[in-house]
Ligand code: NAD
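Residue numbers (my numbering): 1 to 459.
Below, the structure written as structure tokens:
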């Protein structure tokens, strides 16, 4: 087996050979990947089920389906995306033809998390390859079965000098981060994001960091609570609540709190039955360590629904917590599980106090039919992306860039934004030779006022 530095040398040589600049070559790899995913589909589904009992429906909805549509999109638009784009020239550069070139960075490191282990490894890989890079991918050690399938899949499609998957935990990740890369794409926690940023700073390596945080969901009194509860139970408990953009907690108008809790209880029963542990649609927590962590979070809180924990089987019931203290651990760290705290507000100032108490979130959701309330809320708070009157679905439109801000991330991807994320933007001006006024050349005496006019009208 090759060492990490040998692999990087191989990929660097491949990149420098200019082979990856060939669009037809990239397309052939993307098409082969699509075929291989279809061949391996059952293995991917089985692995996701073994890793945390993810149902086939959720696996297709939130992993395989999105990966296939990103592949289709890249295959369809790659030629157009990669083509130098003619840009309107400036009179200051006259005569010229101006362009934007998209160039691949080179050898890229992708580090993936476990919560959507297939999607969040494959989507960056696809866009990195589409943009003409070579890739070393490190999938998560916590979802071993899925990581194994990913490694096989990549091996079956890509020569090692184009893309390879290296499985391993923190030690492997640390060793990878110690190398010099042309670009790093990291998805994971804010804490590890800081470690990645520090490692990247050593070589001034450009990075995209897709991180986490506590995403609020604000609900005012103008809503249909039954519909809100239906959407909330779906968006919060999908993937067992282990979704980076899941609503972490609710801020509800105090007058609707009790009815909201009742609507949520009824909806959980509708979806998962009176014992969600028996439901084939309710996933498990990824491991016992995280189950214990979540158990600690709810230990001394006011549980108004759920709360059952089975550490051996990594199960936590959908759980509602009534008005936890802002200083309690559950309101300090990202929950990342099927636990939903419900806080209340009377005024916008109460909402500010809660949201500004925390780092900028990855998402913000607001359920309301009051347009001035919506406008004020969306304008006031800084967050990565959001949805009005639903949850998570901004992730599903590839035309929308996806990413965080501040502690929830740096940079964005998805669809064409993903291709751009893995491309350096290279502006090129081709100067014409047929006209070369002496104005810009020394001596400059007497030219300042004309220069001012030029900037005033043509700058
Ligand atoms: P994590 O940060 O623990 O791990 C992510 C990756 O980093 C893994 O591959 C892991 O092996 C590696 N890693 C872990 N510790 C490391 C260390 N000390 N040094 C170097 N590498 C290390 O995250 P996770 O638990 O896998 O995923 C959950 C987190 O990811 C949540 O915070 C969630 O919000 C976030 N997330 C964000 C997005 C997004 O798109 N913004 C998507 C999914 C998950």
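We treat Cβ as the ideally placed atom computed from N, Cα and C, and that holds for glycine.
For this session: Assign residue 357 to one of two classes, buried (16 or more other C-beta atoms within 10 Å of its C-beta) or exposed (fewer than that).
Result: exposed
Exercise. Going along the chain, which unbroken runs of the beta strand (DSSP E) with 3 or more residues stay wholly within the stretch 33 to 70?
Worked result: Taking only runs of at least 3 residues, no beta strand (DSSP E) segment lies wholly in the stretch 33 to 70.
Exercise. So what does DSSP say about residue 163, is it helix, strand or coil?
Worked result: strand
Problem set entry | In DSSP terms, what residue 407 is bridged to | Per DSSP, none; premise fails for residue 407.
Exercise. Span of the alpha helix (DSSP H) holding residue 427?
Worked result: It is not in any alpha helix (DSSP H) - residue 427 instead sits in the beta strand (DSSP E) that spans 423 to 431.
Exercise. Hey, would you say the C-beta of residue 211 is under 7 Å away from at least one heavy atom of the ligand NAD?
Worked result: At least one heavy atom of the ligand NAD is found less than 7 Å from the C-beta of residue 211.
For this session: Look at the alpha carbon of residue 351 and the alpha carbon of residue 342, and state the distance between them as a whole number of angstroms.
Result: Looking at the two C-alpha atoms, the distance is approximately 12 Å.
For this session: Please confirm whether any heavy atom of the ligand NAD lies closer than 7 Å to the CB of residue 181.
Result: no
For this session: Given a cut-off of 8 Å, decide if residue 367 and residue 251 are closer than it, judged by their beta-carbon atoms.
Result: Using a Cβ distance threshold of 8 Å, residue 251 and residue 367 do not count as a contacting pair.
Exercise. In angstroms, rounded to a whole number, what distance separates the CA positions of residue 26 and residue 396?
Worked result: 25 Å
Problem set entry | Separation of residue 387 from residue 349, as counted between CA atoms | 21 Å
Problem set entry | Per DSSP, cross-strand counterpart(s) of residue 244 | Its beta-bridge partners do not exist; DSSP assigns none.
For this session: Look up residue 385 in the DSSP assignment and give the residues it is bridged to.
Result: Paired residues: 363.
Exercise. So what does DSSP say about residue 110, is it helix, strand or coil?
Worked result: strand
For this session: Determine the contact status of residue 402 and residue 385, defining contact as a CB-CB distance below 8 Å.
Result: yes
For this session: Could you say if the stretch 73 to 92 and the stretch 109 to 116 meet the contact criterion of at least three C-beta pairs nearer than 8 Å?
Result: Contact between the stretch 73 to 92 and the stretch 109 to 116 is absent, with fewer than three C-beta pairs closer than 8 Å.
Problem set entry | Start and end residues, alpha helix (DSSP H) containing residue 271 | 257 to 272
Problem set entry | residue 455: first and last residue of the uninterrupted alpha helix (DSSP H) it sits in | 448 to 458
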